[in-house]
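Visitor: I'd like to ask you about the structure that follows.
There are 2 protein chains.
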Amino acid sequence: MKSPTELSEAFRSQGRKLTPQRQAIFDALDGNPSHPSAESVYDMVRVHMPSISLRTVYQTLNDLTEMGEISQVDLGLGSARFDPNNEPHHHLVCSGCATVFDVAVEVDSPLPDLEVPAGLGDGFVVDSTDIIFRGMCARCAAGQQPTDLGPVP
Amino acid sequence: MKSPTELSEAFRSQGRKLTPQRQAIFDALDGNPSHPSAESVYDMVRVHMPSISLRTVYQTLNDLTEMGEISQVDLGLGSARFDPNNEPHHHLVCSGCATVFDVAVEVDSPLPDLEVPAGLGDGFVVDSTDIIFRGMCARCAAGQQPTDLGPVP
DNA sequence: TGCTAATCAGCAACTCTTGTTGACTGGCTC
DNA sequence: GAGCCAGTCAACAAGAGTTGCTGATTAGCA
């Protein structure tokens with residue numbers, strides 16, 4: 157993801173206005189290795205700006221998603237997660253603490269080998285491939301507390 | 157998935173009661189190649205049993221999931237989908253009509269090649285791998301109406 | 001400084017799902 | 001067949017997550 161400064165420029169260059177609320181959200185996302193939910197971003201931003209509303213956080217996250225600066229991923233955790241990592245990657249999801257890890261995996265052009273029920277998926281054009289590895293992170297597997305990143309609600 | 161008759165037996169053998177509502181739900185799922193949502197199953201069942209409640213459909217689908225007869229998948233479509241296909245498989249999701257197709261894909265032991273940020277996901281034990289191919293089905297890509305299966309809401 | 005469109009906060013409402021509750025019923029025993 | 005009871009039912013409401021609406025506020029520009 158771009159730095160907060162670069163994001164500010166990108167916002168301005170698109171005719172969007174730069175507000176303190178948005179800057180606070182940029183800061184919260186900057187260098188954040190977790191995959192925060194909107195609620196989680198809201199909590200982080202409220203520390204410095206208690207008056208901000210959850211509505212504004214959703215709006216700004218959606219704006220960033222529209223601009224392609226972050227991506228919205230649904231990992232089946234009940235809420236959408238926002239991912240500042242724009243490199244091609246997939247996800248490890250810990251079923252213990254709901255922490256999400258990025259992971260780089262090469263999947264070699266899977267489509268030619270697809271076995272699709274006749275008449276159903278043939279002719280399907282694949283735009284993107286999401287791979288989600290579910291399991292337990294080392295800490296949870298060891299019965300310890302989740303990593304320092306903690307559960308991202 | 158088992159046939160409605162086999163499911164009835166399975167229910168009885170587990171001490172669960174067999175009600176007309178449940179049988180109607182078994183029938184709706186039997187041989188259903190789509191990946192219906194609870195609401196969609198509800199609609200199908202209501203054709204023959206208008207008095208059934210959505211609550212009962214959820215309850216029965218969850219019972220079947222608990223019994224391992226069907227599986228619940230979250231494909232980021234806003235609602236859970238129930239998948240009678242118990243064979244190992246992955247999913248094609250059409251972003252046009254939200255139709256879900258089953259697909260058999262071999263992914264060769266991906267973990268050894270994982271590149272996980274140091275200190276984060278190392279030691280992660282993978283239980284299951286979900287692969288979701290997103291794109292357009294042939295009909296939607298051609299700008300036509302969705303397949304006969306129709307949009308599964 | 002003043003204007004204007006974009007943005008804000010707050011509220012309500014929406015969708016999906018599940019908890020609660022009192023009434024009903026399938027399956028068992030007698 | 002009658003009676004019992006755990007399991008199941010429908011209806012209602014509520015919870016979580018998200019978004020639409022609206023009047024007030026504000027960033028950015030001239």
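Top line first, the protein sequences correspond to chains Y and V. So the first sequence is numbered by my numbering: it starts at 157 and just counts up by one. So the second sequence is numbered by my numbering: it starts at 157 and just counts up by one. A virtual CB, placed ideally from N, CA and C, is assigned to each residue, including glycine.
Could you please give me the residues that DSSP links to Y/M292 through a beta bridge?
Guide: The residue given as residue 292 of chain Y occupies position 136 in the first sequence. According to DSSP, Y/M292 bridges with V/V281.
Visitor: Applying the 10 Å Cβ sphere with the 16-neighbour rule, what's the burial state of V/N188?
Guide: In the second sequence, the residue the question calls residue 188 of chain V occupies position 32. Answer is buried; the Cβ neighbour count reaches 16.
Visitor: Find the residues of chain V that neighbour Y/F289, judging by a C-beta separation of less than 7 Å, and give them in chain order.
Guide: Within the first sequence, numbered from 1, the residue matching residue 289 of chain Y stands at position 133. In chain order: V282 and T285.
Visitor: Using 8 Å as the cut-off, can you tell me whether the region 283-298 of chain V makes contact with the region 278-287 of chain Y, which would need three or more C-beta pairs spanning the two stretches below that distance?
Guide: These segments touch.
Visitor: Identify the residues that DSSP records as bridge partners of V/S227: which are they?
Guide: One-based indexing of the second sequence puts residue 227 of chain V at position 71. Beta-bridge pairing links V/S227 to V/D239.
Visitor: CB-CB under 6 Å to V/L233, same chain, minus the five flanking residues each way: which ones, in chain order?
Guide: Position 77 of the second sequence, counted from the start, is the residue given in the question as residue 233 of chain V. These residues qualify, in order along the chain: A254.
Visitor: With H, G and I counted as helix, E and B as strand and the rest as coil, what does DSSP make of Y/L248?
Guide: Within the first sequence, the letter at position 92 stands for residue 248 of chain Y. The answer is strand: DSSP assigns Y/L248 an E or B state.
Visitor: Measure how close the beta-carbons of Y/P160 and Y/D186 come, nearest whole angstrom, since I'm counting them as under 8 Å.
Guide: On the first sequence, residue 160 of chain Y is found 4 positions in, with the first residue counted as 1. On the first sequence, residue 186 of chain Y is found 30 positions in, with the first residue counted as 1. Between Y/D186 and Y/P160 the Cβ distance is about 5 Å, and since that is below 8 Å, they are a contact.
Visitor: By the three-class DSSP mapping on this structure, what secondary structure does Y/A260 have?
Guide: Locating residue 260 of chain Y in the first sequence gives position 104, counting from the first residue. Y/A260: strand per DSSP, three-state reduction.
Visitor: Between V/L185 and chain Y, is there a C-beta pair that is closer than 8 Å?
Guide: For this step, residue 185 of chain V is matched to residue 29 along the second sequence. Answer no: the Cβ-Cβ gap between V/L185 and chain Y never drops below 8 Å.
Visitor: With a cut-off of 8 Å on the beta carbons, I'd call V/A236 and V/S193 a contact; round off their distance for me.
Guide: The residue you call residue 236 of chain V lines up with position 80 of the second sequence. The residue you call residue 193 of chain V lines up with position 37 of the second sequence. The pair is a contact, with the Cβ atoms about 7 Å apart (cut-off 8 Å).
Visitor: Name the chain V residues that come within less than 9 Å of Y/A166, Cβ to Cβ?
Guide: Counted from its first residue, the first sequence places residue 166 of chain Y at position 10. The premise fails here: Y/A166 is roughly 25 Å from chain V at the closest Cβ pair, so nothing lies under 9 Å.
Visitor: Please list, in chain order, all residues of the same chain as Y/K173 whose beta carbon is under 8 Å from its beta carbon, the five residues on each side excluded.
Guide: Here residue 173 of chain Y refers to the residue found at position 17 of the first sequence. The answer, listed in chain order, is F167.
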